[in-house]
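K.L.:
The numbering used here puts the last residue of the sequence shown at 354; the count rises by one with no breaks. Submitted below is the structure of interest, expressed as structure tokens.
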Amino acid sequence: MTEQEIVKELGAAMDRMRGHPLADTARIIVETALRSDLGCRRKALEEAHFLLQVMPKTETDELHIDLSLILNLGILLNGLSRLDRPIIPVYHEAFGLEWGHTARKLHTDARTWQPVHLIFMNRTEQQPLDLLGYPWLVHELVHYAFANQLPLFYQGHQILNTRVQQWNLASLAVNDPVSQQITKDFRTYWIPKESQFDWPHEIAVDAVCMLLLGPVYVSALQREYADATDTINAYQIEPDHIPIELRTQAMIRIGEQLGWEAEVEPLRLLQQQWQRQWPEAARASRYRTLRDHALIAEAQRAALEYATSVRLPQLTPARLTELSAAAEDVAPLQGLDLIISAWCMYQRHQGGEGYATWTARLLQSFADE
Ligand SMILES: [Zn+2]
């Protein structure tokens, strides 16, 4: 496609989006691309083209709920009075229909860009929404809030340097390839990166979610891993994903610290199940070395420091009781309260008819707005 053809397609796409709740976002993206320097204009137009293509096409009640949640939570988690960077929910099979987050760069010149955040939703536009999975939306939006933020609070580098020095000495002394590998591993997994594909970010995001959602988040994690672990080795170390056993261990720690001692019990049971399932992986020295308790604690401390700095609301047992008592009335529900109330209603009706009716009423309240 020539540049002119791309511009024409962008215009047509904007026309189609007239009146759509994301029309303003689309306009900002296209205008930014059109204003970009000659040197990166083609790249910017292609990026805008991609972004408009992945935007939701149909205006459903579900989309209204999602956009309302994203706006509400995005503002809350950033500690700002409005969203300062566009966020687009993506419902596309091409991205695997799994929860995720990524920041795209819409270049205005060689060195500057407008970040545009994509939140990958776990369903297509046509599939019904499942609010029990929405603690993961909060998780992805904490990643959005942490873009270039967590390293400001994180002080794990000192601990990391000590570890690396110890293993360096060990590897020099015996010329041991295992110690060399562990030195490398510490750096790969424990240094926070811009992409956020590292362990401190993952642990810190979970810590913020535990603060905001407590047992609601525990349920989401339990639900995610209870069926998955027949296929996923919980101790598996991969570049992009934190081992789920390590993550679970970190969640138990922060849950206890935040006063949800009894509520994290399902996670302890999962851990015991994994120990029986993969006894050798659980004992492996590389895994046990990298599962560093001081570094886990530091990522969580940094997360709570961030939460304090933007005044995030902690979910307490008293607040949960209050929300549960008021959950029947869907009209005022927004943001975190909506997600927590959905969980309360699911528990009350054990997922039965009552919960389905409540969800339908909730959707209707967004359609009426
Ligand atoms: Zn994550």
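C-beta: ideal position from N, C-alpha, C; glycine also. Since the structure is predicted, the reported quantities are computational estimates derived from the model, not experimental observations.
#1: Are the region 68 to 80 and the region -3 to 14 in contact at 8 Å, needing three or more beta carbon pairs?
#2: Consult DSSP for Q299 and reduce its assignment to one of helix, strand or coil.
#3: Tell me, to the nearest whole angstrom, how far the beta carbon of F131 is from that of H186; I am working on the premise that it is less than 8 Å.
#4: Out of curiosity, what's the CA-to-CA distance linking Q285 and T147?
#5: With distance defined between alpha-carbon atoms, name the residue in F35, G336, V(-8) nearest to K90.
#6: Taking all protein chains shown into account, do 16 or more other C-beta atoms lie within 10 angstroms of the C-beta of T293, making it buried, or fewer, making it exposed?
#7: How big is the Cα-Cα spacing for I50 and L56?
#8: If you follow the beta strand (DSSP E) that R89 is part of, which residue opens it and which one closes it?
#9: When every heavy atom of ligand 1 is checked, does at least one fall within less than 7 Å of the C-beta of E83?
#10: Is P113 helix, strand or coil by DSSP?
#11: Would you list the residues whose beta-carbon is nearer than 6 Å to any heavy atom of ligand 1, in the order they occur in the chain?
#12: Can you give me the start and stop residues for the beta strand (DSSP E) that I222 sits inside?
#13: Quick check for students: name the residue ranges of the beta strand (DSSP E) that lie wholly in the region 145 to 218, counting only runs of 3 or more.
#14: By DSSP's criteria, P74 is part of a beta bridge. Which residues make up the other side?
#15: Between A205 and T168, what straight-line distance do the alpha-carbon atoms span, to the nearest angstrom?
#16: Which of the three DSSP states, helix, strand or coil, is assigned to N98?
#17: For W355, I'd like the list of residues in its chain whose CB is within less than 8 Å of its CB, leaving aside the five on either flank, ordered along the chain.
#18: G(-4) lies in the alpha helix (DSSP H); which residues open and close that run?
#19: List the whole-angstrom C-beta distance separating A312 from C329, where the pair is believed to meet the contact cut-off of C-beta under 8 Å.
#20: Below 8 Å CB to CB, which residues in the same chain sit around H128 once its five sequence neighbours on both sides are set aside?
#21: Just the C-alpha distance for L289 and T(-13), rounded to the nearest angstrom, thanks.
#22: To the nearest angstrom, report how far apart G339 and D115 are at their CA atoms.
#23: Going by beta-carbon coordinates alone, are E283 and Q134 separated by less than 8 Å?
#24: Measure the alpha-carbon distance for Y174 versus V163 and round it to whole angstroms.
#25: What would DSSP say about V123, mapped onto helix, strand or coil?
#26: Leaving aside the five residues before and after L243 along the sequence, list all residues of the same chain whose C-beta is less than 8 Å from its C-beta, in chain order.
#27: Between which two residues does the alpha helix (DSSP H) carrying A341 extend?
#28: Can we say the region 73 to 82 touches the region 96 to 106, given the rule of at least three CB pairs closer than 8 Å?
#29: Should Q143 be labelled buried (16 or more other beta-carbon atoms within 10 Å of its own) or exposed?
#30: Is Q221 closer than 8 Å to P251 when the C-beta atoms are compared?
#31: Please report the residue range of the alpha helix (DSSP H) in which S66 lies.
P.N.:
Reading it off the structure:
#1: yes
#2: Within the sequence shown, the letter at position 314 stands for residue 299. It is coil, neither helix nor strand.
#3: Reading the sequence shown from its first residue, position 146 is the one you call residue 131. Reading the sequence shown from its first residue, position 201 is the one you call residue 186. At roughly 6 Å, the Cβ-Cβ gap stays under 8 Å, so F131 and H186 are in contact.
#4: Locating residue 285 in the sequence shown gives position 300, counting from the first residue. Locating residue 147 in the sequence shown gives position 162, counting from the first residue. Rounded to whole angstroms, Q285 to T147 spans 19 Å at the Cα level.
#5: The residue you call residue 90 lines up with position 105 of the sequence shown. Minimum Cα distance to K90 is reached at F35.
#6: Here the question's residue 293 lines up with position 308 in the sequence shown. T293 should be labelled exposed.
#7: Translated into the one-based positions of the sequence shown, residue 50 becomes position 65. Translated into the one-based positions of the sequence shown, residue 56 becomes position 71. Looking at the two C-alpha atoms, the distance is approximately 10 Å.
#8: One-based indexing of the sequence shown puts residue 89 at position 104. Residues 85 to 92.
#9: Translated into the one-based positions of the sequence shown, residue 83 becomes position 98. No - ligand 1 has no heavy atom lying nearer than 7 Å to the Cβ of E83.
#10: Numbered from 1 along the sequence shown, position 128 holds the residue referred to as residue 113. In this structure, P113 counts as coil in the three-state DSSP scheme.
#11: H124, H128, E187, V190
#12: Within the sequence shown, residue 222 is the residue found at index 237, counting from 1. Segment: none, I222 is in no beta strand (DSSP E) and carries neither H nor E.
#13: none
#14: Locating residue 74 in the sequence shown gives position 89, where the first residue counts as 1. According to DSSP, P74 bridges with I104.
#15: Here residue 205 corresponds to residue number 220 of the sequence shown, with the count starting at 1. Here residue 168 corresponds to residue number 183 of the sequence shown, with the count starting at 1. Distance between the alpha carbons of A205 and T168 is about 34 Å.
#16: The sequence position of residue 98 within the sequence shown is 113, counting from 1. Per the sequence shown, residue 98 should be read as Trp rather than Asn. Three-state result, W98: strand.
#17: Absent from the structure is residue 355, since the part of the chain shown begins at -14 and ends at 354.
#18: Here residue -4 refers to the residue found at position 11 of the sequence shown. Start and end: -12 to 1.
#19: The residue labelled residue 312 in the question sits at position 327 within the sequence shown. The residue labelled residue 329 in the question sits at position 344 within the sequence shown. Correct: roughly 5 Å between the Cβ atoms.
#20: Taking the first residue of the sequence shown as position 1, residue 128 is located at position 143. Contacts found: H86, Q181, H186, V190.
#21: By one-based count along the sequence shown, residue 289 stands at place 304. By one-based count along the sequence shown, residue -13 stands at place 2. L289 and T(-13): Cα-Cα distance of roughly 49 Å.
#22: As a first step, residue 339 is located in the sequence shown; it is residue number 354 there, counting from the start. As a first step, residue 115 is located in the sequence shown; it is residue number 130 there, counting from the start. The straight-line gap from Cα to Cα measures roughly 15 Å.
#23: The residue given as residue 283 occupies position 298 in the sequence shown. The residue given as residue 134 occupies position 149 in the sequence shown. Against a cut-off of 8 Å, the Cβ pair of Q134 and E283 comes out as no contact.
#24: Translated into positions along the sequence shown, residue 174 becomes position 189. Translated into positions along the sequence shown, residue 163 becomes position 178. The straight-line gap from Cα to Cα measures roughly 16 Å.
#25: The sequence position of residue 123 within the sequence shown is 138, counting from 1. Looking at V123 - three-state DSSP - the assignment turns out to be helix.
#26: One-based indexing of the sequence shown puts residue 243 at position 258. Closer than 8 Å at Cβ, skipping near neighbours: M195, L196, G199, Q299.
#27: Here residue 341 is taken as the residue at index 356 of the sequence shown, counted from 1. Counting along the chain, the alpha helix (DSSP H) containing A341 begins and ends at 338 to 352.
#28: yes
#29: By one-based count along the sequence shown, residue 143 stands at place 158. Exposed, since its Cβ has fewer than 16 Cβ neighbours within 10 Å.
#30: Looking up residue 251 in the sequence shown gives position 266. Looking up residue 221 in the sequence shown gives position 236. No, these two residues do not count as a Cβ contact at 8 Å.
#31: Counting from one through the sequence shown, the residue named residue 66 turns up at place 81. Careful: S66 lies outside any alpha helix (DSSP H) and carries neither H nor E.
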